[in-house]
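Peer 1: Every position in the sequence shown, counted from 1, becomes a number in my numbering once 1 is added.
Sharing a structure with you now.
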Amino acid sequence: MSLGSQISAFCKDVKKHQEVWLIEFEEDQFLEWIEEDGTRVLPIWSTESRVERTLQRLDQFGNGTPCGFTFDSFVEEWLPELKEAGIKLGPNWAGDNLTGTTLFPDELIGRIERC
């Protein structure tokens, strides 16, 4: 799947189901990625099945579990802190190396709203 397709699928799924998914390791400990330039990224998925496929492919996340949030609660509770900390979002990251596009939170929300 191309990077553009990943974002498009993410936006359509979130708009339709009104939920987002993260990988949780322990209570309130979520998967976070650090890019080469030091930017922090929170990988985020549009469906539980996408998270489950990611967990199956990547053994290093074997103790992770899918954790879902309503889209509204994610926007209200998570986005202010993510924006303040300068953390980007990685929508529907996939593949053996867990790759994809990174977007600032407001940019991703705007894309979802325009979907």
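Just so it is clear, CB atoms sit at the ideal spot from N, CA and C, and this is done for glycine as well.
Quantities reported herein were computed from a predicted structural model and do not represent experimental measurements.
Helix, strand or coil, according to DSSP, for Ile45 in the structure here?
Peer 2: Three-state DSSP puts Ile45 in a strand.
Peer 1: For Phe70 versus Trp22, is the C-beta distance shorter than 9 Å?
Peer 2: Result yes, Cβ atoms of Phe70 and Trp22 sit closer than 9 Å.
Peer 1: I need the DSSP call for Met113, collapsed to helix, strand or coil.
Peer 2: A small correction: the amino acid at residue 113 is Ile; Met does not occupy that position in the sequence shown. The answer is helix: DSSP assigns Ile113 an H, G or I state.
Peer 1: With distances taken between CB atoms, is the gap from Thr55 to Leu99 smaller than 9 Å?
Peer 2: Yes, Cβ-Cβ distance for Thr55 and Leu99 is below 9 Å.
Peer 1: Please classify Gln30 as buried or exposed, where buried requires at least 16 neighbouring CB atoms within 10 angstroms.
Peer 2: Result: exposed.
Peer 1: Go ahead and pull the three-state DSSP assignment for Thr40.
Peer 2: Coil, per DSSP.
Peer 1: What did DSSP end up calling Glu78 once you bin it into helix, strand or coil?
Peer 2: The answer is helix: DSSP assigns Glu78 an H, G or I state.
Peer 1: Helix, strand or coil: how does DSSP classify Phe11 here?
Peer 2: Three-state result, Phe11: helix.
Peer 1: In chain order, what residues of the same chain have a beta carbon less than 7 Å from the beta carbon of Val15, not counting five sequence neighbours either side?
Peer 2: Excluding residues within five positions, the ones whose Cβ falls inside 7 Å are Val21, Ser47, Phe72, Ile113.
Peer 1: Report yes if the C-beta distance between Gly91 and Pro44 is below 9 Å; otherwise report no.
Peer 2: Yes; because the gap between Cβ atoms is below 9 Å, this pair is in contact.
Peer 1: DSSP three-state label for Gln30, please.
Peer 2: If DSSP states are grouped into helix, strand and coil, Gln30 belongs with the strands.
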